[in-house]
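Visitor: What the sequence shown shows, in my numbering, is residues 952 to 1117, in sequence order. Positions of the beta carbon are idealized from the N, C-alpha and C atoms, including for glycine. What you are looking at is a predicted structure, and each value in this text was computed from that prediction instead of being measured.
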Amino acid sequence: MDKRNKSARGIYIGVALTIGVALAPTHAASAATGPQYCASAKTELDKLNVFLKQSTKAVTASAGNPAKLKISMAPVIAQYRVTIAKLETTAPADISPAIKTYLDTLFDGLLIYEKVGFDAKKLTPAMLVSPKTKPEFRSAVAKLAVFVKNTCKADPAAVLGAGNLS
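#1: Quick check on DSSP: helix, strand or coil for A1071?
#2: Provide the residue span of the alpha helix (DSSP H) that contains M1078, from first to last.
#3: Helix, strand or coil for L1045 per DSSP?
#4: Express the C-alpha separation of M1078 and K1051 in angstroms, rounding to a whole number.
#5: Within 10 angstroms of its Cβ, does K993 collect 16 or more other Cβ (buried), or is it exposed?
#6: For A1108, which of N1101, A1096 and T1102 has the nearest alpha-carbon?
#7: Report yes if the CB atom of V1033 is closer than 8 Å to the CB atom of L1061, and no otherwise.
#8: Could you tell me the boundaries of the alpha helix (DSSP H) in which A1091 lies?
#9: Compute the Euclidean distance between the alpha carbons of E1039 and K1019, then round it to the nearest angstrom.
#10: From S1081, L1116, K1004 and F1069, pick the residue whose C-alpha is nearest to that of V1099; which is it?
#11: Less than 8 Å between C-beta atoms, sequence neighbours within five positions excluded: which residues of the same chain meet that for A982?
#12: Under a three-way DSSP split, which group does L1116 fall into?
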């Protein structure tokens, strides 16, 4: 794999791991409402963010070794599945499809490694396409930006990542 593909792979991992915590709004709220979802999403994603930061070094260090990469990524993937399940099942109805699209798209970025047996050398350029290019992802981000601004009272660029809003 040439240097460009290695660089793209690294960027894609970073995007998946970084924006995977994107719905971390900053305001707590009351039960079973949009504002409560803001608070619970922040709590869940803050926990995931700490876990992902701890795992990033291990994942990066083992990228050339499929067996080590599988061991390093297994807990990341497992925790991400738990967090996604919680956030998707508790999302308010008006943003539920956007949450599902957003999180599933980001999670697909992690699952590409499972698809190639954790052998980074088997990744193809098509597998490394940024989720930002997918129309359904762009639509989900737009809907979530409105929700974050109006319901969570947070800055969408800070929450969703400024690069995802353009």
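Guide: According to the data block:
#1: Residue state, collapsed to three classes: helix.
#2: Careful: M1078 lies outside any alpha helix (DSSP H) and carries neither H nor E.
#3: Here the sequence assigns Asp to residue 1045, which means Leu is not the residue at that position. Of the three classes helix, strand and coil, the one that applies to D1045 here is coil, per DSSP.
#4: If you take the alpha carbons of K1051 and M1078, they lie about 20 Å apart.
#5: Counting every other CB atom within 10 Å of its CB across the protein chains shown gives K993 a total of 16 or more, marking it as buried.
#6: The shortest C-alpha separation from A1108 is found at A1096.
#7: Between V1033 and L1061, the gap from beta carbon to beta carbon reaches 8 Å or more.
#8: If you look at A1091, you'll find it in the alpha helix (DSSP H) that goes P1086 to N1101.
#9: Cα to Cα, the separation comes out at about 30 Å.
#10: Ranked by how close their Cα comes to the Cα of V1099, the residues S1081, L1116, K1004 and F1069 have L1116 in first place.
#11: Unreliable placement is indicated for A982, whose pLDDT of 30 sits below 50; the coordinate value is still reported in the next sentence. Excluding sequence neighbours, A982 sits near nothing in its chain.
#12: Note: L1116 maps to coil in three-state DSSP.
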